[in-house]
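*Asks:* Per our numbering, residue 2 is the first one in the sequence shown, and the count goes up by one each step. One structure, as structure tokens, below. Some questions next.
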Amino acid sequence: MEPERWIVYMGKYPDNDTLNKKLAELRSLNIRFEPLSNPALSPGLSLAAYPSEAAAKEGLAQFASRGVRTARVVQERAELRGQWLRLPQADASLKQRLDNLKAALAGKALRPCQKPSTPAATPS
């Protein structure tokens with residue numbers, strides 16, 4: 002199981018110029034951010050991630066007190082349930098053999114494990 006993830010989100014920006022302008026504004030406020038890989042939210046930015054909507058709303062209020070006005074809380078991903086196979090020491094040879102299992106996985110992708118996330122992020 003992978004828990005749901007809520008973020009303080011800025012975007013979706015219409016073009017790179019608008020995105021770059023927002024990046025400059027955030028840097029001037031000394032606010033950290035990260036780009037998103039979720040196509041539904043890109044191009045956009047995550048200011049922080051949280052395990053619940055309530056925690057994300059608290060984080061949003063903290064960002065607002067630091068001058069962030071256009072951010073909002075969104076669910077980046079819903080809880081994912083399923084079977085997980087963890088292979089922490091998978092070398093290149095094993096990875097190649099695992100590729101042969103794709104047909105048996107009924108369209109489910111093999112992917113690297115995510116790095117453990119930190120508990121609810123707090124704006125700094």
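The C-beta atom is built at its ideal place from N, Cα and C for all residues, glycine as well. Predicted, not measured: the structure shown is a model, and the values here were computed from it.
Could you give the DSSP three-state label for Arg-98: helix, strand or coil?
*Replies:* Residue mapping note: residue 98 aligns to position 97 of the sequence shown, counting from 1. Helix.
*Asks:* Since Met-11 contacts Gly-60 with CB under 8 angstroms, what's their CB separation in whole angstroms?
*Replies:* Position 10 of the sequence shown, counted from the first residue, corresponds to residue 11. Position 59 of the sequence shown, counted from the first residue, corresponds to residue 60. Incorrect: roughly 13 angstroms between the Cβ atoms, too far for contact.
*Asks:* Answer yes or no: do Ala-107 and Leu-99 have a C-beta to C-beta separation smaller than 9 angstroms?
*Replies:* Numbered from 1 along the sequence shown, position 106 holds the residue referred to as residue 107. Numbered from 1 along the sequence shown, position 98 holds the residue referred to as residue 99. No, the Cβ-Cβ distance between Ala-107 and Leu-99 is not below 9 angstroms.
*Asks:* For Arg-82, I'd like the list of residues in its chain whose CB is within less than 7 angstroms of its CB, leaving aside the five on either flank, ordered along the chain.
*Replies:* The residue given as residue 82 occupies position 81 in the sequence shown. Excluding residues within five positions, the ones whose Cβ falls inside 7 angstroms are Met-2.
*Asks:* Nearest by alpha-carbon distance to Ala-79: which of Gln-97, Pro-89, Asn-39 and Asn-101 is it?
*Replies:* For the purposes of this step, residue 79 is taken as residue 78 along the sequence shown, with counting starting at 1. Selected option, being the one with the closest Cα: Asn-39.
*Asks:* Nearest-angstrom Cα distance between Ser-43 and Val-69?
*Replies:* As a position in the sequence shown, residue 43 is number 42, starting the count at 1. As a position in the sequence shown, residue 69 is number 68, starting the count at 1. Using only the alpha carbons, I get a separation of about 19 angstroms.
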